[in-house]
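In our numbering, the protein residues as written are 120 to 576.
A virtual CB, placed ideally from N, CA and C, is assigned to each residue, including glycine.
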Ligand SMILES: Cc1cc2nc3c(=O)[nH]c(=O)nc-3n(C[C@H](O)[C@H](O)[C@H](O)COP(=O)(O)OP(=O)(O)OC[C@H]3O[C@@H](n4cnc5c(N)ncnc54)[C@H](O)[C@@H]3O)c2cc1C
């Protein structure tokens, strides 16, 4: 295929039909003649588990930013989630959240979310992409290599999942979008092309998940979403979230190698060890529908493609293949949605040219900074977290977060602002607005007065 860098892309090829691949296909389909999605799995027509996204069996909370941006990309997305059984939720009123600082308040708000499985989120988006006439699918084909050289990528080599290497096929494209998730081979492919891999920053909280699906016995509890984090230095957390079909997923989390067991007794004992008994009490009443399932690949990994001195024409990357975040803070799907909105802006500004990926890698670096800093700063609160040396800016961030979180426990307006920031709707600087700072100060005075009156608190 011979396309000069600024020539229009006719055929784009997307590696992976996860959320990032589907969203990339959605926005590219408005600008190119054909989008081909190459996926190693057979894709179900219902919201069903598949091997390529094992994380989908665990609690997935789509932050408000993701709810908003998926709606921008797929108008009617929220209504379709609800039609599929997602539970409409007021995040301030219907969530019971015991943070590392203590309980947050509950009050009616406009922080409207929908709770469901990741399987349903992906299903709704996949069906919308299936309806696009310019999108074609190549399923059960694993991409094993990029075609081209250090100057330009012009396609991929695939092999049928489980078949011999001799059954490999080459597929040409003007633009290859790598969206194969956390297990991406892009750093290795780039090393082959350039002789050196991209720089990777890793912050590893050595965290593990274990999850189990349940049916609750009788009427719903007075919450929709229950999240419990033990006060530091305890490394344990847990949560329960409703899924479509009257089921619930309970996920237990342990940092610093303190992983929740996947045996029935061990899972129950871990739930019982949380600082407040709400998760364990709810599970005692519930009927398990699955065995506990574990997951360990939770390290924060940022592959700094933006720092490579060279980048081939005809290549782009997004989603977990660029930056995989510790899932504890629920950012991954929302970051994918934000990246797709960004890709759409670039396409609208410059059209679909083969140098799109060059611009995208730089723009992504700016987009990723906030979620990365938010996730890794929280992870560094645990002594067992490994990664680049802790900075003095980190101490300041922890101090400021502590101050605002304590105020959020007492003042619903501060809590509202805080919730918008952790849901990626507003930047962290929104918490420094004078009105919120004043309320934060007043909340601390109230807290100090209460302490004076009853020193045990
Ligand atoms: C345990 C856990 C819990 C999480 N909880 C949350 C949460 O609460 N909220 C949230 O927003 N995010 C959460 N996340 C993160 C979220 O799942 C990911 O950020 C998001 O799915 C990333 O999408 P992606 O498309 O980049 O990758 P994926 O969804 O992983 O998709 C990658 C796709 O590429 C395919 N593929 C892989 N290799 C190849 C190949 N060589 N050839 C062809 N196809 C290939 C795979 O089969 C898959 O379909 C969680 C993650 C984990 C691990």
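Worksheet item: Taking the alpha-carbon positions, what's the residue 553 to residue 546 distance?
Response: In the chain shown, residue 553 corresponds to position 434, counting from 1. In the chain shown, residue 546 corresponds to position 427, counting from 1. Note on geometry: alpha-carbon atoms of residue 553 and residue 546 lie some 15 Å from one another.
Fill in: residue 310 - DSSP class collapsed to helix/strand/coil
Residue numbering aside, residue 310 sits at position 191 when the chain shown is read from its first letter. The DSSP-derived three-state label of residue 310 is helix.
Discussion item. So if DSSP puts residue 320 in a beta bridge, which residue, or which two residues, is it bridged to?
Written reply: Against the chain shown, residue 320 aligns to sequence position 201. Paired residues: 421.
Worksheet item: DSSP on residue 538, reduced to helix/strand/coil?
Response: Against the chain shown, residue 538 aligns to sequence position 419. Residue state, collapsed to three classes: helix.
Item to complete: Grab me the residues of residue 121's own chain with a C-beta within less than 6 Å of its C-beta, minus the 5 sequence neighbours each way, in chain order.
Response: Here residue 121 refers to the residue found at position 2 of the chain shown. Because residue 121 carries a pLDDT of 48, less than 50, the predicted location of this residue cannot be relied on, and the following value inherits that uncertainty. Within the same chain, residue 121 has no close Cβ partners at all.
Worksheet entry | Neighbourhood of residue 205 by C-beta, 7 Å cutoff - its chain only, sequence neighbours within 5 removed | Counting from 1 along the chain shown, the entry for residue 205 is found at position 86. Cβ-Cβ distances below 7 Å link residue 205 to 233, 234, 235, 239, 363 in the same chain, with the five nearest sequence neighbours on each side left out; the list follows chain order.
Worksheet entry | Three-way DSSP call (helix, strand, coil) for residue 122 in this model | Within the chain shown, numbered from 1, the residue matching residue 122 stands at position 3. Here residue 122 scores only 49 on pLDDT, less than 50, and its place in the model should not be relied on; the value that follows carries that caveat. The DSSP-derived three-state label of residue 122 is coil.
Worksheet entry | DSSP three-state assignment for residue 235, whether helix, strand or coil | Walking along the chain shown from the start, residue 235 turns up at place 116. Reduced to three states, the DSSP call for residue 235 is coil.
Worksheet item: Under 8 Å between the Cβ atoms of residue 404 and residue 543?
Response: Counting from one through the chain shown, the residue named residue 404 turns up at place 285. Counting from one through the chain shown, the residue named residue 543 turns up at place 424. No, they are not a contact pair.
Item to complete: Taking 8 Å as the cut-off, decide whether the C-beta atoms of residue 558 and residue 524 are in contact.
Response: For the purposes of this step, residue 558 is taken as residue 439 along the chain shown, with counting starting at 1. For the purposes of this step, residue 524 is taken as residue 405 along the chain shown, with counting starting at 1. Result no, Cβ atoms of residue 558 and residue 524 do not sit closer than 8 Å.
Discussion item. Less than 8 Å between the C-beta atoms of residue 276 and residue 296, yes or no?
Written reply: Numbered from 1 along the chain shown, position 157 holds the residue referred to as residue 276. Numbered from 1 along the chain shown, position 177 holds the residue referred to as residue 296. No.
Practice prompt. Please find out if some non-hydrogen atom of ligand 1 comes closer than 7 Å to the beta-carbon of residue 117.
Written response: The structure shown does not extend to residue 117, since the chain is modelled only from 120 through 576, so no value can be given for it.
Practice prompt. Just mark residue 260 as buried or exposed, buried being the case when its beta carbon has 16 or more other beta carbons within 10 Å.
Written response: Along the chain shown, one-based indexing puts residue 260 at 141. Counting of Cβ neighbours within 10 angstroms places residue 260 among the buried residues, the total reaching 16 or more.
Worksheet entry | Contact with chain D by residue 161, beta-carbon distance below 8 Å | The structure shown contains no chain D; it is built from a single protein chain.
Practice prompt. Would you mind giving the Cβ-Cβ distance between residue 539 and residue 517, rounded to the nearest angstrom? I have them listed as a contact below 8 Å.
Written response: Here residue 539 is taken as the residue at index 420 of the chain shown, counted from 1. Here residue 517 is taken as the residue at index 398 of the chain shown, counted from 1. At roughly 20 Å, the Cβ-Cβ gap does not stay under 8 Å, so residue 539 and residue 517 are not in contact.
Discussion item. By DSSP's criteria, residue 222 is part of a beta bridge. Which residues make up the other side?
Written reply: The residue given as residue 222 occupies position 103 in the chain shown. 217, per the DSSP bridge assignment.
Discussion item. Per DSSP, what are the beta-bridge partners of residue 278 in this structure?
Written reply: Within the chain shown, residue 278 is the residue found at index 159, counting from 1. DSSP lists 261 as partners of residue 278.
Fill in: Reduced DSSP category for residue 451 - H, G, I as helix; E, B as strand; rest coil
If you number the chain shown from 1, residue 451 lands on position 332. Residue 451: helix per DSSP, three-state reduction.
Worksheet item: Just how far apart, CA to CA, sit residue 305 and residue 441?
Response: Position 186 of the chain shown, counted from the start, is the residue given in the question as residue 305. Position 322 of the chain shown, counted from the start, is the residue given in the question as residue 441. Taking the straight line joining both Cα atoms gives about 9 Å.
Worksheet entry | Start-to-end residues for the beta strand (DSSP E) that takes in residue 367 | Translated into the one-based positions of the chain shown, residue 367 becomes position 248. Boundaries of the beta strand (DSSP E) around residue 367: 366-373.
Worksheet entry | Run of the alpha helix (DSSP H) containing residue 558, from where it starts to where it stops | Residue 558 sits at position 439 when you count from the first residue of the chain shown. Its alpha helix (DSSP H) spans residues 553-572.
Worksheet item: If you measure from the CB of residue 139, is any heavy atom of ligand 1 nearer than 7 Å?
Response: Working through the chain shown from its first residue, we reach residue 139 at position 20. Because some heavy atom of ligand 1 lies under 7 Å away, the Cβ of residue 139 counts as near it: yes.
Worksheet entry | Range of the contiguous alpha helix (DSSP H) that encloses residue 383 | As a first step, residue 383 must be located in the chain shown, where it is residue number 264. Per DSSP, residue 383 belongs to the alpha helix (DSSP H) from 383-391.
Worksheet item: By how many angstroms is the C-alpha of residue 351 removed from the C-alpha of residue 380?
Response: Position 261 of the chain shown, counting from 1, holds the residue named residue 380. Position 232 of the chain shown, counting from 1, holds the residue named residue 351. Each residue's Cα considered, the two are about 21 Å apart.
Discussion item. Can you give me the C-alpha to C-alpha distance between residue 171 and residue 368, rounded to a whole angstrom?
Written reply: Within the chain shown, numbered from 1, the residue matching residue 171 stands at position 52. Within the chain shown, numbered from 1, the residue matching residue 368 stands at position 249. Straight across, the Cα-Cα distance linking residue 171 with residue 368 is about 20 Å.
Worksheet item: Near residue 477, what residues of its chain come up, given a Cβ to Cβ distance below 8 Å and the 5 sequence neighbours on each side ignored?
Response: In the chain shown, counting from the first residue as 1, residue 477 sits at position 358. Closer than 8 Å at the Cβ level, and outside the excluded window around residue 477, lie 430, 432.
Discussion item. Please classify residue 128 as buried or exposed, where buried requires at least 16 other C-beta atoms within 10 Å of its C-beta.
Written reply: Residue 128 sits at position 9 when you count from the first residue of the chain shown. Buried, by the Cβ-count rule.
Item to complete: Name the two residues that bound the continuous alpha helix (DSSP H) containing residue 131.
Response: If you number the chain shown from 1, residue 131 lands on position 12. That residue, residue 131, is in no alpha helix (DSSP H); its beta strand (DSSP E) goes 130-134.
Worksheet item: Leaving out the 5 sequence neighbours to the left and right, which residues in its chain are closer than 8 Å to residue 549 when beta-carbon positions are compared?
Response: Within the chain shown, the letter at position 430 stands for residue 549. If the five residues before and after residue 549 are omitted, its C-beta is found closer than 8 Å to the C-beta atoms of 536, 539, 540, 555, all from its own chain and listed in chain order.
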